[in-house]
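Asker: So the working numbering is basically just the index in the sequence shown, starting at one, shifted up by 40.
Ideal placement from N, C-alpha and C gives every residue a C-beta, glycine not left out.
Just so we're clear, the structure is a prediction, and the values are computed from it rather than from any experiment.
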Amino acid sequence: MQHSFISINSLLGLAILAGSVLSACGGQEKSDLSTKPNVVVIYTDDIGYGDIGVYGGLIPTPHIDRLAKEGLLMENAYATAATCTPSRYSMLTGEYAWRAQGRGVAPGDASALIRKGRETWPAIMQRAGYRTAVVGKWHLGLGGDDGPEWNGEISHGPLDIGFDYSFIIPSTGDRVPTVYVENRSVLNLDPQDPIEVNYREKVGDRPTGLDHPEFLKMMWSHGHNHTIINGISRMGYMAGGESALWRDEDFADIFVDKSVRFMEESGDAPFFLFLATHDIHVPRMPHERFQGKSGYGFRGDALLQLDWTVGEVLRFLDDKGLAENTIVIFTSDNGPVLNDGYKDEAEELIGDHKPWANLRGGKYSTYEAGTKVPMLVRWPKGIPSGTVSPALFSQLDLMGSFAGFFEEPFDQVQAADTGNNWEAFIGRDKEGRTGLVQEAIQGVLSYVSRDGYKFIPAHQGPELVPWGTGISTGFLPKDQLFYLPDDPGESVNLADAQPEKLEEMKTLLAAVRNPETRK
Ligand code: NG6
Ligand code: CA
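(1) Tell me the DSSP bridge mates of Gly134?
(2) Using only the alpha-carbon positions, how far apart do Gly134 and Gly176 sit?
(3) Mind the definition here: the region 95–103 touches the region 335–349 only if three or more C-beta pairs lie below 8 Å; say whether that holds.
(4) Going by DSSP, name the residue or residues bridged to Tyr487.
(5) Should the region 465–479 be regarded as contacting the region 117–124, the criterion being three or more beta carbon pairs within less than 8 Å?
(6) Run through DSSP, which three-state label would Leu180 get?
(7) Counting pairs of Cβ atoms below 8 Å between the region 286–302 and the region 320–330, do you hit three or more?
(8) Does the beta carbon of Thr509 fall short of 7 Å from some heavy atom of ligand 2?
(9) Does the Cβ of Val453 have 16 or more other Cβ atoms within 10 Å, making it buried, or fewer, making it exposed?
(10) Helix, strand or coil: how does DSSP classify Lys412 here?
(11) Exposed or buried, which one is Lys70 when buried takes at least 16 other CB atoms within 10 Å?
(12) When you measure from the CB of Thr560 to every non-hydrogen atom of ligand 1, does any distance come out below 7 Å?
(13) What are the start and end residues of the beta strand (DSSP E) that includes Pro162?
(14) On the criterion of 16 or more Cβ atoms from any shown chain inside 10 Å, does Ala163 qualify as buried, or is it exposed?
(15) So, with DSSP's three-state summary, where would you put Arg143?
(16) Given the structure, does Thr212 come close to ligand 1, in the sense that its CB is under 7 Å from one of the ligand's heavy atoms?
(17) If you measure from the CB of Gly276, is any heavy atom of ligand 1 nearer than 7 Å?
(18) For Ile428, is the classification buried or exposed, using 16 other Cβ atoms within 10 angstroms of its Cβ as the cut-off for buried?
(19) According to DSSP, which residues form a beta bridge with Val296?
(20) May I ask you to list the residues that DSSP assigns as paired with Val368?
(21) Tell me whether His321, by its Cβ, gets closer than 7 Å to a heavy atom of ligand 2.
(22) Buried or exposed, going by whether 16 or more other CB atoms sit within 10 Å of the CB of Glu388?
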């Protein structure tokens, strides 16, 4: 299968270069390049199911809401995991992250998790004739087995797996090194002042949050007490790189600027932009113009900033007359958390706003709020405005759905878990996937089926996320079974009352876990 894929693909590549109308394996005509929709994926960080206005959030998000009014609101869309790295991994590769070890939340100096030769969503887009870019948070590792070469050419990055342009922060704002990486090098690095990163012991003489809290503009609450940069202590120690340091307050402005430039420079080629915002992950340090504006502390202010970001993208598309045939996808990598390591008053000021809506749990959790996320899709040419869909949808299927739409062959051995759910993606099929797997911390896997049942296997683990977020893990030493349409808050365990259903759900989860029977 892999061999035939390679030859078909290189033929297609030649045909694309020749600019001819292609004949794919099924003999069907491929759509003309010029009509291909642009695609902008706005992948947000830690935005909960209830955070957005159209999902019941109290903090105004008019630009994000506009996507729903002019497009599709999905009621049952899921990230594959309750943390960032595995969700991103699955979405970009079409494979559940838990199929191999080592794809949990990556440290800031992790080596690349997705390597050259791996089938990816952006690679499919490239082969379909798109210019592709990633802008924003990466958090999938960089560099070979020895990790990223911060002071030289950084290998094994986005450019090696399907992106033509890359402007990223290597992991998350709370992890060193606090520098931007553009394509293969650290932006604005002075070679006389090389970067050193260490996650085990202190390097350099910058003060730490543990020893010098008086230098902080925002105090840490758990973890995050190593090197202080820009008045914020981080995870990990960093020396050097002074001229390359970012200012957290500028993230949104810079990501918008890089995104707009990329879209502008695409000319007549269709573009695929993966805009992975840092908002609203910790440390929440929005630009000064948003600080204090929401009344909900910096978490709310970061949400206003995120809404502004979306507004800027939409304004660009409007101004250039591109809105009609651009697919804008808005979703999140995992569910919400209030205190994720800094004292930013997210808990104290939350008021009646419910980031998790009526769901149980949150980020890290195996309960629904961990992975059930907002998902909006606007495509005026293909989706009627104001569409709402209850279809079960996984971000895992974006890759297979786009491949299906373009009739683009891809390596289905590597991308074993993605499927073509295009009709659900554009709101026509109201049922969607038959089921999906949710990954919580500690590698716990639960299963949601299309008929509304949810199964969480027995797991010996802490009741609350162990580092002080106050979030229920959903771990119990006995099996749990819920019927979500009646009980979205997962409060009535039906495991004893419905033993047959429980067995059926166990079999379904086992079938996905077992590579012999999957698909
Ligand atoms: C956790 C961090 C948290 C956040 C998370 C990753 C601690 C105690 N907690 O380990 O602050 O960085 O990792 O978040 O250090 S994610 O959205 O990128 O997955
Ligand atoms: Ca996240």
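Answerer: Well, looking at it:
(1) For the purposes of this step, residue 134 is taken as residue 94 along the sequence shown, with counting starting at 1. Note: Gly134 is not bridge-paired with any residue in the DSSP secondary-structure output.
(2) As a position in the sequence shown, residue 134 is number 94, starting the count at 1. As a position in the sequence shown, residue 176 is number 136, starting the count at 1. When rounded, the separation of the alpha-carbon atoms in Gly134 and Gly176 is 21 Å.
(3) Under the Cβ criterion (8 Å, minimum of three pairs), the region 95–103 counts as touching the region 335–349.
(4) Translated into the one-based positions of the sequence shown, residue 487 becomes position 447. Paired residues: Val477 and Phe495.
(5) Because the criterion of three Cβ pairs below 8 Å is met, the region 465–479 and the region 117–124 touch.
(6) On the sequence shown, position 140 is the one that residue 180 refers to. Note: Leu180 maps to coil in three-state DSSP.
(7) At 8 Å Cβ cutoff, the stretches touch.
(8) As a first step, residue 509 is located in the sequence shown; it is residue number 469 there, counting from the start. For ligand 2, no non-hydrogen atom lies closer than 7 Å to the CB of Thr509.
(9) Here the question's residue 453 lines up with position 413 in the sequence shown. The residue in question, Val453, is exposed, as its Cβ has fewer than 16 Cβ neighbours within 10 Å.
(10) The count along the sequence shown starts at 1 and reaches residue 412 at position 372. In the three-state DSSP reduction, Lys412 falls in the strand class (E or B).
(11) Sequence index remark: in the sequence shown, residue 70 carries index 30 (1-based). Confidence in Lys70 is poor, its pLDDT being 46 and thus under 50, which makes the residue's placement too unreliable to answer from.
(12) There is simply no residue 560 to check, as the chain begins at 41 and stops at 559 in what is shown.
(13) Here residue 162 corresponds to residue number 122 of the sequence shown, with the count starting at 1. Counting along the chain, Pro162 sits inside no beta strand (DSSP E); it lies in the alpha helix (DSSP H) bounded by residues Trp161 to Arg167.
(14) Taking the first residue of the sequence shown as 1, we reach residue 163 at position 123. Only buried fits Ala163, as 16 or more other CB atoms lie within 10 angstroms of its CB.
(15) Counting from 1 along the sequence shown, the entry for residue 143 is found at position 103. Look at Arg143 here: in three-state DSSP terms it is coil, with no helix or strand label.
(16) Start at 1 with the first residue of the sequence shown, and residue 212 comes out as number 172. Yes, ligand 1 has a heavy atom inside 7 Å of this Cβ.
(17) Along the sequence shown, one-based indexing puts residue 276 at 236. Every heavy atom of ligand 1 is 7 Å or more from the Cβ of Gly276, so no.
(18) Walking along the sequence shown from the start, residue 428 turns up at place 388. Per the sequence presented here, residue 428 reads as Val, with Ile not at that position. So Val428 ends up on the exposed side.
(19) By 1-based counting over the sequence shown, the position of residue 296 is 256. Val296 is not bridged by DSSP to any residue.
(20) Counting from one through the sequence shown, the residue named residue 368 turns up at place 328. Per DSSP, Val80 and Arg418.
(21) Residue numbering aside, residue 321 sits at position 281 when the sequence shown is read from its first letter. Taking the Cβ of His321 as the reference point, at least one heavy atom of ligand 2 falls within a distance shorter than 7 Å.
(22) On the sequence shown, position 348 is the one that residue 388 refers to. Using a 10 angstroms sphere on the CB of Glu388, the tally of other CB atoms stays under 16, which defines it as exposed.
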